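Scroll down for the structure; my scribbles are underneath it.
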Amino acid sequence: MVDDDFGVKSLDSSDNSPAESAHDTHAETEHDKTSTSETESVPEVATDIDMLKSKMHSTMFDDEAETDSEFDFTWEISDWTALPKRVHSDPFVHNGVRYRLLLFPQGKSQGEVSLFLEAAPDVSDGARVDPDWAVCVQFSLVMWNPNAPYIFQNMVAHHRFDAEDGGDWGFSRFYDLRRLAARHLDTQHALLERNVMNITVVGRVFKDPTGVLWHNFLRYDSKRVTGYVGLRNQGATCYLNSLLQSLYFTNAFRKAVFGIPTGENDAASAKVPHALQRLFYQLQTSDEPVSTLELTRAFGWDSADAFTQHDVQELERVLMDSLEGSMKGTKVDGALSELFVGQMKSFIRCIDVDYESSRSEDFWDVQLNVKGMQGLETSLRNYIEVEMLDGENQYMAEGYGLQDAQKGVSFQSFPPVLHLQLKRYEYDFERDSMTKINERYEFPPSVNLAPYLDRAADMSESWEYELHAVLVHSGDLNTGHYYGLLKPERDSPWFKFDDDRVTRATNKEVFEDNFGGDGLHNQHNKPLSARQQRNMRYKRQTSAYMLVYIRKSRLEQVLGKVHDSDVPAHIPQELSQEAAVEERRRQEMEEQHLYMPVSVASLSQFQSHHGFDTAIWSGTSLDDADHAGVPVSVRALKTWTLAELQAAIAQQLGLDDSAQIRLRGCVKRKNGTIRPDAIIVSQSPDETLEQIRDRVSTRTPELRVYVEQISSDTPAPMPTQSIVFLKHFDVETQTLVGVGHVLVDSSDTVGSIVPYITQSMGWDAATPVVLFEEIKPRMIDIVKQDKTFDEAEIQNGDIITFQRNDVAPAGRVRCQDPQQYYDFLYSRLRVNFVSRQDPEDEDSCVSLWLSKKDSYDDVAAAVGDVLGHPGSHIRLYVTNSDGSPRASIKSNSGSLSAIISTNYVSSHNPLLAYDILDMPLVELETKRNVQVVFLRNGLSTDEKYSFLLPETGHVGDIVTSLKAQAKGLENVPPEAFKLWFFNNGRNTQYFSLHESLKRFPDDTTLHAAVMTPEEQAVVKHEEQVASHVPQVDTVDENGTVVMAPTPEIPACPYKWVHCFHFWKDPMRPHSIPFSFAAAQGELWPDTKLRLKQVTGYSDQVFDKIKFAIVRDDSYAEPHYFGDEDELYAMVGDNLLLGLDHVDKTPYKKGYGERAIFINK
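With UniProt numbering applied, the sequence shown corresponds to residues 1 to 1160, in that order.
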């Protein structure tokens, strides 16, 4: 193992490969050090141990490393040339550690002296060494001339010596052998003189409170060292891992999750709790890091979500919402609220009169400002800071008039488990982007929250809180890493949970290192190496973003021990069974080299097979045929004999005697088909299956056999006899079925099998039969019945397909004969169809085998036949990857192959959607299908309509159709409607009545509403401005310009405001955006009343909405409204009105957008 900065590990003396030298890296090196004694009053000499220690100390830049003790030792070598190639110094012991120097006087094949330090526990020979033993040492190796101690070579390294380490660390290239005895610089001395040399080691042992100082983690076992295990990172799920560990060690939460009823046949709503229960139980019992893949799959996430970092606060709220829904009506209903929900009050309190207006609401977490704040308590004081409403900003108190008042929030109660979100990000106007706030922000191990409570709060119980978890982000806004520092038990030490690794943590790592700030002070006041600068940048960008405090009086309740009885009984049973299956699979994998696969086909598989060949051999897609046609797999030892294989196959077939079967080897022919061939006969009693396979098969790892069931008196076939397989093609049912096999003589005519066929099928003996040979998928030939089998080149394993020649199909059929049917088999594709109106309705699903050559009309006709509708009235759609319909397919789109290859990455089992039309598709394709969502009573209710309009029409036709279908709109003039389109919940486009429908794609969804009088006034004013034609100035007879009169257009007291919804972050819009007419001179309270009418929200919903002005083109912080604000004066270009409230709609993913969600 090479330490790129400080040294290398010694290799065994037998290893002559070159090792890296530390003085080629960043190790502190005093190469050929000498003192100019003539000019220096105090020369540096190797006998000055304090000087050597000082040099060594100056190379260590690690504030976290604390010195435990120091040592030094000198090895005096009296006969350098007599030293062997590899030699040790005498050992010396310091603080229970046995040290000695390892020297290679002639180097390790690199032309330089090699020098290492060894360290091991000082135990007696044969005594057991503690596997966790380790010592962290910084050391300086000094080679010096005892006759001239100012001639010395000094190198410094540091290393963690442990029980699994080779025991030495140092330098392969310590000193050039060619210069060892050469005169040193301008002195008369060399490093090696008179064949004597001294080697000194000066060492400093560091304390290792966490057990991982300078650890390489190659064989680190978190469970053995700490008692806990971590979570595996799927790509970018470290934020999820840190949150899950925090929740896991909130034991009351874990118990609540275990209390959710789950089972094997979980409903969709129970999949997340079930997966979380399994994850938590594995964290309790596993010795290895646990995967979160099952949980994220239960969330409904795909691999893209696993590589997308999300906001932890948003993830926590979505997870809590999901779990709360699963807990309703169970014994743990309300458990999460009891743990995590507190109450706060927003108030306006008059100073001079007894009047207060207030509103209480629940909170799950508290978001605290970081910028400009010293620490937690400063932020809490800032959060409840009171704003004075006085002077021109007085408050209108009902019954008292304008009054001086205080406006603010107060906490009525804090939850037992308090989650504090630190606002580490802000919008930077100069950079026009979000940036991370790296300011220093301190948080204490415990805090008294009583001063921040409302004066009416219950003070009968202490409000002291103790820090339980610190969630940390290291990096900047766009890149970085998350991990957690947690205190699992009340009196336990701190631990660092960094994905799959768990280590002990010091108080400094928990607090000081995560306060943030401008980095460490350079205590040594000297230039920093590149590595040291990287470390400082890393620490400067590492800071806490979430704190978890637990109320001290509830610690026992929150952190109470989780017992085995708390875990649902089926969880350990499931995992135990899965572990047993996995262990069997592992054992099979380990023993796989002893076994060989044997695929066994029989008449059963042949008769169940409806495609090419005699069975569905390996390599054939199982989706293309009936699974009953798949050969049985036998796991056979390679050393078995043929008799042992026959016995195993007979037992699997339920036969008492292996003499009742004989085996034919199946060979792969040059044309790609696999056919039964000659009967397998052992060449010797000891011949193994492996030898038989190599003899019978053609370079395949498996042995393929066909089993014939025979009676005890069945004779062996003659050399001239071959086994021929027979299939029947039924033109009426359009099926191909295996019938059986027959032994034929090469001299017999092909027609000689016809009586066997008619008898087997129960037909009249005179039934005319046509015979075809299945040579390969694209070669199906008619066989002349007067030829012999030899002349027709029909041999072992060949397949003859027969068809009655006296049956005419009653209706339209796809294939008239086996040749056409085999061609269909070759080009066929299973296509699934779902109703576009209800894709989840299983009764409306259709699955068909179709030919890639089929035209649109062929496909539509096949679907129509199943649904009982004419194919001309079937409209087809391609679908998205999630199965939702995407776009309609034109009737002139070409073949099914062209449709599939254009719209699907894989042509295997594509999914199409269909609609049943009221008119022929060709007629429909001249029209536009427009979906309209009519908002009758604001945004709270909607009515959905679908209109089929000529593509030559206009938007006004939509309004006419809407008035005809929607009740109560007869007297509303068309110009009173507004219609708009939006995407991403924010970008909107409004349409005038005269715009053409050709600009709309088919199935466009528009929203429509009747405008308010204020909005109609804005539209009327815009029309007046647009229709105004400026008059032309004239010139009179004297040449004087006569200015044309400018007609006055009355000013409009209203203007448009575009409104949208968001929750906390304006860049995460939701719901339906809309327009609103702002009134000039209207103060905010009156504007809110009109907004309530426009949105149609109930008092309960509307009172929870916060309103803000938001820039449309940036990440700027929203400006929230006060009662004295005027919307008309505040809005302008690129400014929107934002409604900040919780999104009650289901989470959906859009293209290029990875909004966080959990399936419900």
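The beta carbon of each residue, even a glycine, is placed where N, CA and C say it ideally should be.
Note that the structure is predicted; figures quoted are calculated from it, not measured.
So, are the CB atoms of residue i and residue j less than 8 Å apart?
i     : j     : result
L485  : V470  : yes
G938  : T1095 : yes
D745  : T720  : yes
W364  : H419  : yes
M60   : Q188  : no
F171  : R501  : no
L912  : V878  : yes
L339  : L467  : no
T1012 : V933  : no
G580  : V472  : Here the sequence assigns Ala to residue 580, which means Gly is not the residue at that position. Cβ distance not < 8 Å, so A580 and V472 don't count as in contact.
S1075 : E1015 : yes
I1049 : V1018 : no
Q734  : V813  : yes
L743  : I800  : no
V447  : Y425  : no
So residue i and residue j are in contact, right, with Cβ under 8 Å, and what is the actual spacing, rounded?
i     : j     : result
V558  : I550  : 5 Å
V272  : K345  : Not really, about 33 Å apart at Cβ, beyond 8 Å.
I782  : F772  : 6 Å
E951  : T926  : 6 Å
L689  : W640  : 5 Å
F789  : D748  : 6 Å
F104  : S114  : 4 Å
H1007 : I1072 : 6 Å
V731  : D798  : Not a contact, Cβ separation roughly 23 Å.
R554  : P416  : 4 Å
Does DSSP classify residue i as helix, strand or coil?
i            : result
D1143        : coil
N382         : helix
P950         : strand
W640         : coil
L809         : One detail in the question is off: residue 809 reads as Pro in this sequence, not Leu. Of the three classes helix, strand and coil, the one that applies to P809 here is coil, per DSSP.
T162         : Checking the sequence shown, residue 162 turns out to be Asp, not Thr. Strand at D162.
M1011        : coil
S21          : Any reading at S21 must be qualified, since the residue scores a pLDDT of 37, below 50, and its modelled position is unreliable; the value itself is stated next. Reduced to three states, the DSSP call for S21 is coil.
E190         : Correcting the residue type first, residue 190 is Ala in the shown sequence and not Glu. Looking at A190 - three-state DSSP - the assignment turns out to be coil, as it is neither helix nor strand.
M155         : strand
Y1120        : strand
residue 1161 : In the structure as shown, the chain starts at 1 and stops at 1160, and residue 1161 therefore has no counterpart that could be examined.
Q646         : helix
Y756         : helix
V634         : strand
Q721         : strand
A27          : No answer about A27 holds up, because its pLDDT of 41 lies below 50 and its placement is not dependable.
F443         : coil
H570         : helix
P836         : Per the sequence shown, residue 836 should be read as Arg rather than Pro. Correct three-state label for R836: coil.
E294         : helix
Taking 8 Å as the CB-CB cut-off, is residue i touching chain B?
i    : result
D165 : You won't find chain B in this structure, because it holds only one protein chain.
Using 8 Å as the threshold, is the segment 778 to 788 in touch with the segment 818 to 826, meaning 3 or more CB pairs across them?
Enough Cβ pairs lie closer than 8 Å, so yes.
For the pair the segment 377 to 385 and the segment 437 to 452, tell me if three or more CB-CB distances fall below 8 Å.
Contact check between the segment 377 to 385 and the segment 437 to 452: three or more CB pairs, one atom from each, fall below 8 Å, which counts as touching.
Any contact between the segment 95 to 109 and the segment 218 to 237? By contact I mean 3 or more CB pairs, one from each, below 8 Å.
These segments do not touch.
Cβ contact (3+ pairs, closer than 8 Å) linking the segment 1050 to 1062 and the segment 1132 to 1140
These segments touch.
Could you tell me whether the segment 698 to 705 touches the segment 595 to 607, using the rule of 3 or more Cβ pairs below 8 Å?
Taking one beta carbon from each stretch, the segment 698 to 705 and the segment 595 to 607 have 3 or more pairs nearer than 8 Å; the two touch.
Going residue by residue through the segment 948 to 989, where are the continuous alpha helix (DSSP H) segments of at least 4 residues, counting only ones entirely within it?
Those alpha helix (DSSP H) runs which fall completely within the segment 948 to 989 and span 4+ residues are 955 to 965.
When you compare the segment 66 to 85 with the segment 192 to 207, are there three or more beta-carbon pairs, one atom per stretch, that lie closer than 8 Å?
Using a C-beta cut-off of 8 Å, the segment 66 to 85 makes contact with the segment 192 to 207, since at least three inter-stretch Cβ pairs fall below that distance.
Inside the segment 651 to 684 only - beta strand (DSSP E) runs reaching at least 3 residues
Those beta strand (DSSP E) runs which fall completely within the segment 651 to 684 and span 3+ residues are 661 to 668, 674 to 679.
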